[in-house]
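Asker:
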Amino acid sequence: MAQKDTSEKILESYNDVFSDIVNVLLFNGKQVLSADELEDQAPRSYYKADGKIREIERDVAKRWKNGNIRVACIGFENQTASDPNMPLRVMGYDGAEYRAQLLGNGENLYPVVTLVLYFGHDKPWNGPLSLKERLNIPKEFEPYVNDYKINLFQIAYLTHEQVELFQSDFKVVADYFVQKRENGDYIPSSQDLTHVQETLQLLSIMTNDNRFEEAYNTNTDGQKGGPRNMCDVLDKVESRGIEKGIAKGVVKGKAEGEIEGKNQMALLVKKLLDQGRIDDVKRASEDEVYRDQLIKEFGIR
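Counted from 1, the sequence shown has number 80 at position 80 by the UniProt record's numbering; the numbering is strictly sequential.
Written out as structure tokens, the structure is:
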């Protein structure tokens, strides 16, 4: 879990990515927040309980400044699964920041806004969206209980028009999850990445598929430098898939069987990659029965 959290923070902590996410999700692409108006904020807040100092840690947090005046504090919380306690968690993060302001000069108080980014693509968020939804409230008390709502954004459920509004590397991330939700497959973007390794690392961690990150570190074409965009990434994945497929074919048998296995797997990988079926490439290289099914599906001889 710690590794995943760290990877998420690396990409989103870049000011160009952070401001881009805020501008698209909160302001429909209007350039309200500028990257050079952001300052890093320590993600940890401290409070005293039971005579001890305790801490609350956000995923990512930054302050928006206009000159020397702090305008707002904005935080991100990343989720791959619905969390029924998310309203309480967000309330705790925001409350800790307001308390820190009071313990400071207490004069220039500014708002705290938290965005919950949900990356699940198999099913939509099904957890509470407000404090009242989470509590069991006697009807007599209901009018007197203050509510607290979360700002939830389901990345895989953004529209194509929303995805196109992104200007940073997060556009590739959002596009990936939207395509996975809609089609179960992914057709790569030719958009060049600014933060290549961090984007691929985020995709690897959030999808539990390390081939994205491996593609950055693996040089299969004999040239220096890593991939620049997702097309380059899938080219490297394809090359490695063919190599693994050939190795599987060699193990199967003798001369003729070896040659047939090599040719069939190489052709199968190519056809799968043409359709953006990355997950099927991995499965076919490991599951002989499934590989034979795909060979029949494509009519490969």
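Glycine is no exception: its CB is placed at the ideal position from the N, C-alpha and C atoms.
Locate the alpha helix (DSSP H) running through Arg181, then write down its first and last residues.
Answerer: Unbroken alpha helix (DSSP H) run through Arg181: 170–183.
Asker: Have a look at Phe153 and Gly299 and give me their C-alpha separation to the nearest angstrom.
Answerer: Answer to the nearest angstrom: the Cα atoms are 42 Å apart.
Asker: Return the chain-ordered list of same chain residues with a C-beta closer than 7 Å to the C-beta of Glu256, the five sequence neighbours on each side being excluded.
Answerer: Caution applies to Glu256, whose pLDDT of 43 falls short of 50 and renders its modelled position unreliable; the value that the coordinates give is listed next. Within the same chain, Glu256 has no close Cβ partners at all.
Asker: Are Gln179 and Tyr186 touching if we call contact CB-CB under 7 Å?
Answerer: Yes, these two residues count as a Cβ contact at 7 Å.
Asker: Could you check what DSSP says for Val32 in three-state terms: helix, strand or coil?
Answerer: Three-state DSSP puts Val32 in coil, outside helix and strand.
Asker: Is the stretch 113–131 close to the stretch 86–97, with three or more CB pairs under 8 Å?
Answerer: The stretch 113–131 is in contact with the stretch 86–97.
Asker: Looking only at its own chain, which residues have a Cβ that is under 6 Å from the Cβ of Arg181, when we skip the five neighbours before and after it?
Answerer: Hits under 6 Å: His121, Ala156.
Asker: Report buried or exposed for Ile278, applying the criterion of at least 16 other Cβ atoms within 10 angstroms of its Cβ.
Answerer: The residue in question, Ile278, is buried, as its Cβ has 16 or more Cβ neighbours within 10 Å.
Asker: Within its chain, find whatever has a CB closer than 8 Å to the CB of Asn66; leave out the 5 residues flanking it on each side and keep chain order.
Answerer: Glu37, listed in sequence order.
Asker: Determine the direct distance from the alpha carbon of Pro138 to that of Asp59, and round the result to whole angstroms.
Answerer: Cα to Cα, Asp59 sits roughly 34 Å from Pro138.
Asker: What did DSSP end up calling Leu115 once you bin it into helix, strand or coil?
Answerer: Leu115 falls in the strand class under three-state DSSP.
Asker: Could you tell me if Thr159 is buried or exposed, where buried requires 16 or more neighbouring beta carbons within 10 angstroms of its beta carbon?
Answerer: Classification of Thr159: exposed, given that the 10 Å Cβ count is below 16.
Asker: What are the start and end residues of each continuous beta strand (DSSP E) run of 3 or more residues lying completely inside the stretch 71–122, in chain order?
Answerer: Counting only runs of 3 or more, we get 112–118.
Asker: Would you give the residue range spanned by the alpha helix (DSSP H) that Tyr284 belongs to?
Answerer: First, the residue type needs correcting, since residue 284 is Ala and not Tyr in the sequence shown. 278–286 is the extent of the alpha helix (DSSP H) around Ala284.
Asker: Any C-beta of chain B sitting closer than 7 Å to the C-beta of Val17?
Answerer: Within the model displayed, chain B is absent; a lone protein chain is all it includes.
Asker: Ala134 lies in the alpha helix (DSSP H); which residues open and close that run?
Answerer: First, the amino acid is wrong: residue 134 is Arg here, not Ala. Residues 131–134.
Asker: Going by C-alpha to C-alpha distance, which of Glu12, Phe27, Val173, Arg70 sits closest to Tyr110?
Answerer: Closest option to Tyr110, Cα to Cα, is Arg70.
Asker: Could you tell me if Val17 is buried or exposed, where buried requires 16 or more neighbouring beta carbons within 10 angstroms of its beta carbon?
Answerer: Label assigned to Val17: buried.
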